[in-house]
Ligand SMILES: Cc1cc2nc3c(=O)[nH]c(=O)nc-3n(C[C@H](O)[C@H](O)[C@H](O)COP(=O)(O)OP(=O)(O)OC[C@H]3O[C@@H](n4cnc5c(N)ncnc54)[C@H](O)[C@@H]3O)c2cc1C
Ligand code: FES
């Protein structure tokens, strides 16, 4: 990815984009070494064309305040590092174009909710990964491996395609009101992770996974608010996947 | 400071690191140290596919694959290594399938395969369907599948730990591996990790350039750390510029688009690749296509208001076909450029993509100390390494293959070494240099900003050491790098804290980039020929008499305390294919 802090407009082929504009970024900041409480901080910047929220954060970090802290890596929506609450909604900073947000008022950027804030926009991801690991997110088979590939028809492959797209960014889980209020619920992502294997024709671990999801009252906690589906930057139909897992539990049939 | 002890330490949790961990972890006490959470690694960005001569959809053979790899690499490939890779490719793909990777399927349920640049049947007759894929997120699926297997096998990860130094010690006059020094981002604490075997799998260095498909975090750490400790770097002047980056942004649109039938056109709508590569056209190797594109722009046939890009045309493809085979990359065009690929051609231009060079290794992934000797206990695999299977130009889908084949080999070799090798004593205060580096940077008040120096470095590399190079541009780049280095020595960071100090780590990463840029340009200046990804305007032909050899770059200390690059050379391993003119 190009460093676009000062991306001259001519460099970004302008496709119906706004050439250059003023934007106020309202950031939720917290320095564990000096702050007792998080605080808000505003920066007004000149940004260009197809710049994204991540470009604005970089501009602040690289030109104004190097201590601003956030995670990012790929910068094109594939690594899942930079899920944030942008104007009150969970999104990836690298996939959210500034020009698509209302620019007449400040754009608020906060850490995702429900996980402990470590510094500025960085949260503790360990509980999130622990929930994922708990549903045995790996192919379970019995008997000897075949010498060639396991056969799977294109239709069988298609059956679980949607949930293979997950990049573990936590946008869904940390948009879920039940997750915020309940220390036990392992959240939508873990169910998506389970779905990916439960509906894979090659997998033989569905029973075990369904037990886990059932025993801990996992899926039943879902109140179908659709926050997770709205939040998913990969367009996964999260709520639908959860419904399918519920159906499988009720009828023990996948 | 904390200390730990493991038989095997793997640095990096991309495809290569995790593939190694799955092998080493079942044989020896293993830890993986990674500056990113494993699933954030850039392997996840790979789109198009991983090749193997499975022959599921048409006749194919590993021998043809070897030939294509050697020829695509413009004969700088070590042919023994290429042969191993092509042979082990089949099991590498089947292993992933057995681990659960959801490959796209043929109607009869086997793994489907598609065409990719430079892969041909019977030594160049026509394009062959060799790339196994999972829509256009093959790398994502490889990364997820390997991570899932690591969970299954309880692999020990130190996530968000940066390795900043490699520890060697002399034993009977021989340099041996003793461990690594790591920095915990969350706490700012230093960890010394003692190990019998160290595997570097830290990926590429695309951030040397401004326009790149690589992640912000791909700063060549492993290469630079090894280089600073006296390990040579091989063939660093060979960098691949991928033809189809989104213009102005560098975000990649996979070659799979052309594999599925997309066509490159200039401002006149001409399919210009017919002129440059009459047989393979748009699917000629990347260096050929990237130069053709840059040449179209240079000669005034570029598209757009500034005539500074060409167009990738998918409009003749069925939208349903695009959705099935290329969903993610068409979404990139929509999201980032606001272009609808069903109906509009997409603006593209070459983007810095892949480091063919790296830490030299044997086919067993042992790191070379020089042309003959290995460094006991030190291994490398993946983009950080140079085996060399990619030579002067890597073929598409050969890297996902490389990380699996040589990642696996590295895990096995590292564990086998640890099983028989004695422990090497740690030298006194192995962390001292790292502490000095970090504290020097942290304590310096009121220096220039790191980001400004980084931007200047990336701009000079784009301007002077990209698709077209010459003595004049390369000398300019070297002069710029030297002055940027002086500025770097006076730069400072604003964040003086301990916890999550990414400001400080970006400064360290810039130091790595500066070292690597100097090595790249020095090698390019010395190589007075054009071969694969390295094109000299002042020496436009390949020169097998003088330059069919690998470059080995060593860091040497000057009398005045500074450092310089010293170049040496290593013969290419030729087994069955004699160099021939590359025609596509
Ligand atoms: C956009 C894109 C598309 C591509 N498409 C294809 C394709 O279709 N087919 C193909 O064959 N190839 C493709 N490639 C190339 C291929 O994806 C990469 O070369 C390959 O994935 C590199 O894998 P790796 O394991 O070596 O490194 P990476 O996956 O980059 O992993 C590097 C690891 O090292 C760690 N690390 C780095 N520095 C440190 C440090 N100092 N301390 C600790 N850890 C560190 C990181 O945390 C990370 O885990 C593509 C590349 C890109 C950029
Ligand atoms: S930086 Fe990778 S998803 Fe945004």
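Residue numbers (full-length UniProt numbering), protein chains in the order written: chain A, 1 to 254; chain B, 1 to 584. We put the CB at the ideal spot given by N, CA and C, even for glycine.
request  = Using a Cβ-Cβ cut-off of 8 Å, state whether residue 403 of chain B counts as contacting chain A.
outcome  = no
ask   = For the region 147-158 of chain A, which residues have a beta carbon sitting closer than 7 Å to at least one beta carbon of chain B?
value = If the cut-off is 7 Å between Cβ atoms, the region 147-158 of chain A has 148, 149, 150, 151, 152, 153, 154 and 157 near chain B.
inquiry  = Considering only the alpha carbon of each residue, which of A:131, A:47 and A:149 lies closest to residue 112 of chain B?
reply    = Nearest of A:131, A:47 and A:149 to residue 112 of chain B, Cα basis: A:149.
query = Relative to ligand 2, what is the chain-ordered list of residues with a Cβ closer than 6 Å to any of its non-hydrogen atoms?
reply = Answer in sequence order: A:72, A:73, A:74, A:75, A:77, A:78, A:79, A:80, A:81, A:82, A:92 and A:94.
ask   = With a CB to CB cut of under 8 Å and the five nearest residues on each side skipped, what residues in its chain are close to residue 480 of chain B?
value = 456, 457, 460 and 464
inquiry  = Quick check on residue 172 of chain B: buried or exposed, where buried means 16 or more other Cβ atoms within 10 Å of its Cβ?
reply    = exposed
task = Please report how far the alpha carbon of residue 6 of chain A lies from the alpha carbon of residue 94 of chain B, in whole angstroms.
result = Bear in mind that a pLDDT of 40 at residue 6 of chain A, under 50, signals an unreliable position, so the model cannot answer this.
query = Checking contacts by CB at 8 Å: is residue 35 of chain A closer than that to chain B?
reply = no
ask   = Within the present structure, is the beta-carbon of residue 35 of chain B separated from the nearest heavy atom of ligand 1 by less than 7 Å?
value = Taken from the Cβ of residue 35 of chain B, at least one heavy atom of ligand 1 lies inside 7 Å.
query = What are the partner residues of residue 179 of chain B, as DSSP defines its beta bridges?
reply = B:167 and B:194
C-alpha gap between residue 106 of chain A and residue 26 of chain A, whole angstroms = 6 Å
ask   = Taking Cβ positions only, does residue 113 of chain A come closer than 8 Å to chain B?
value = Residue 113 of chain A does not count as touching chain B.
ask   = Could you give the distance in angstroms between the alpha-carbon of residue 314 of chain B and the alpha-carbon of residue 427 of chain B?
value = 59 Å
task = Please name the residue or residues paired with residue 233 of chain B in a DSSP beta bridge.
result = B:553
query = Just the Cα atoms here: how many angstroms apart are residue 388 of chain B and residue 408 of chain B?
reply = 16 Å
request  = Classify residue 539 of chain B as helix, strand or coil using the three-state DSSP reduction.
outcome  = Three-state result, residue 539 of chain B: strand.
Under 8 Å between C-beta atoms of residue 177 of chain B and residue 33 of chain B = no
ask   = With residue 353 of chain B and residue 466 of chain B assumed to form a contact (beta carbons below 8 Å), what rounded beta-carbon distance in angstroms separates them?
value = About 11 Å separates the two Cβ atoms, so there is no contact after all.
message = I'd like to know if residue 16 of chain A contacts chain B, where contact means its C-beta is closer than 8 Å to some C-beta of that chain.
response = Any reading at residue 16 of chain A must be qualified, since the residue scores a pLDDT of 43, below 50, and its modelled position is unreliable; the value itself is stated next. It does; some Cβ of chain B falls within 8 Å.
inquiry  = Taking a contact to mean a Cβ-Cβ separation below 8 Å, would you say residue 116 of chain B touches residue 259 of chain B in this structure?
reply    = Inclusion of residue 116 of chain B and residue 259 of chain B in the CB contact set at 8 Å is warranted, their separation being smaller than that value.
task = Output yes if chain A places a C-beta closer than 8 Å to the C-beta of residue 313 of chain B; else output no.
result = no
key: Distance cut-off 7 Å: residue 403 of chain B Cβ against heavy atoms of ligand 1   = yes
Residue 494 of chain B CB to nearest heavy atom of ligand 4 below 7 Å = Summarising the ligand content, the structure contains ligand 1 and ligand 2 and does not contain ligand 4.
request  = Go through its chain and collect everything with a Cβ distance to residue 453 of chain B's Cβ below 7 Å, but skip five positions before and after it.
outcome  = 484, 487, 488, 491 and 510
Below-8 Å beta-carbon distance, residue 46 of chain A vs any chain B residue = So no, residue 46 of chain A is outside the interface.
Beta strand (DSSP E) segment containing residue 118 of chain B, residue limits = 113-121
query = Using 8 Å as the threshold, is the region 361-375 of chain B in touch with the region 342-351 of chain B, meaning 3 or more CB pairs across them?
reply = no
ask   = Starting from residue 566 of chain B and walking both ways along the beta strand (DSSP E), at which residues does that stretch end?
value = 563-571
key: Ordered list of alpha helix (DSSP H) runs contained in the region 439-466 of chain B, each at least 4 residues   = 450-464
request  = For residue 321 of chain B, return the contacting residues in chain A, with the cut-off set at a CB-CB distance below 9 Å.
outcome  = What residue 321 of chain B touches in chain A, judged by beta-carbon distance under 9 Å, is nothing: the nearest beta carbon there is about 14 Å away.
ask   = Is the shortest distance between the beta-carbon of residue 11 of chain A and the beta-carbons of chain B less than 8 Å?
value = At residue 11 of chain A the pLDDT is 39, less than 50, meaning the model places this residue with poor confidence; the figure from the coordinates comes in the next sentence. For residue 11 of chain A, the answer is yes, since a Cβ of chain B falls inside 8 Å of its Cβ.
request  = Assign residue 11 of chain A to one of three DSSP states: helix, strand, or coil.
outcome  = Because residue 11 of chain A carries a pLDDT of 39, less than 50, the predicted location of this residue cannot be relied on, and the following value inherits that uncertainty. Helix at residue 11 of chain A.
message = Tell me the DSSP secondary structure of residue 366 of chain B in three-state form.
response = strand
ask   = For the region 115-126 of chain A against the region 66-76 of chain A, are there 3 or more C-beta pairs whose distance is under 8 Å?
value = yes
ask   = Is the Cβ-Cβ distance between residue 575 of chain B and residue 48 of chain B less than 8 Å?
value = Contact annotation: residue 575 of chain B and residue 48 of chain B have beta-carbon atoms that are not nearer than 8 Å.
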